[in-house]
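The numbers in the sequence shown follow our numbering, run straight up by one, and end at 182. In this text, a Cβ means the ideal position worked out from N, Cα and C, and glycines have one as well.
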Amino acid sequence: MPLLNSVTTPYAEALLQVVNENLQTEEMVSEVKQLLELINDSPELEKALSSPILETDAKKKIIIEIFSNKVNSSLMNFLKLLADRQRIGILTSILERFLEIYRENSNIALATVTSAVELTDEQKGLITQKIINIAGTEKLELVTKIDPSLIGGFVASVGSKVIDASLASQIRKLGLSLSK
Numbered sequence: 003m004p005l006l007n008s009v010t011t012p013y014a015e016a017l018l019q020v021v022n023e024n025l026q027t028e029e030m031v032s033e034v035k036q037l038l039e040l041i042n043d044s045p046e047l048e049k050a051l052s053s054p055i056l057e058t059d060a061k062k063k064i065i066i067e068i069f070s071n072k073v074n075s076s077l078m079n080f081l082k083l084l085a086d087r088q089r090i091g092i093l094t095s096i097l098e099r100f101l102e103i104y105r106e107n108s109n110i111a112l113a114t115v116t117s118a119v120e121l122t123d124e125q126k127g128l129i130t131q132k133i134i135n136i137a138g139t140e141k142l143e144l145v146t147k148i149d150p151s152l153i154g155g156f157v158a159s160v161g162s163k164v165i166d167a168s169l170a171s172q173i174r175k176l177g178l179s180l181s182k
């Protein structure tokens, strides 16, 4: 996806620069995550913003109606700028790139933990500590997902490292060893 990065990176870096100048980094990161969640939960919204049929003014009106009470003025102005520049269709990619750059600059590792059931806060804390020890990082952002096919346990990934402590994996390994 290098071609998309060549388009998204300048916008993501510009947003990060505005955030750093206004000393709103943590607030903006939180709002960007909420915005991504909102867009991911609403495929219709993403389709509307990506639509080549909708005029820029119509897209800006949608942005104002939906996001005006949910985001600060810096992010709202950024969204309008993307609409004006015909880049609002790649908003999700730009926001994801913004978070990547933020994590890189802040030395925060991103870990994805997939489990069969929702993890408790205590379990998340224990898994976070294990991953911090294994990955050799001090700061970690944990993203959790649920996949019932794991049966039990979890699968964690940080960068290229994967920890598979799922029951499904253990059953598969047992089946392979019994078939020999």
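- Within the model, the alpha-carbon separation for Arg-87 versus Thr-10 is close to 12 Å.
- Note on the segment 20-56: whole alpha helix (DSSP H) runs with a minimum of 4 residues are 27-43 and 45-52, in chain order.
- A check of alpha carbon separations from Ile-129 across Ile-165, Asp-149 and Asn-22 identifies Ile-165 as the nearest.
- Residue state for Ser-70 is assigned as coil, using DSSP reduced to three classes.
- For Ile-165, the uninterrupted beta strand (DSSP E) run begins and ends at 163-168, by DSSP.
- Look at Val-115 here: in three-state DSSP terms it is strand.
- The segment 138-156 makes contact with the segment 110-121: 3 or more CB pairs, one atom from each, lie closer than 8 Å.
- Bridge pairing for Lys-62: absent [DSSP].
- Per DSSP, reduced to three states, the secondary structure at Lys-141 is strand.
- Within the same chain, Cβ atoms closer than 7 Å to the Cβ of Ile-103 are found at Ala-14, Glu-15 and Leu-18, the five residues on either side in sequence being excluded.
- Membership of Ser-108 in any beta strand (DSSP E) is not indicated; the residue belongs instead to the alpha helix (DSSP H) covering 93-108.
- For Ser-75, the uninterrupted alpha helix (DSSP H) run begins and ends at 75-86, by DSSP.
- Within the same chain, and ignoring the five residues on either side of Asn-74 in sequence, the residues whose Cβ sits closer than 8 Å to its Cβ are Gln-26, Glu-29, Met-30 and Glu-33.
- Boundaries of the beta strand (DSSP E) around Gly-155: 155-160.
- Between the alpha carbons of Ser-52 and Pro-45 lies a distance of about 10 Å.
- Under DSSP, Lys-147 takes part in a beta bridge, and its partners are Thr-116.
- With 16 or more other Cβ atoms inside 10 Å of its own Cβ, Lys-61 counts as buried.
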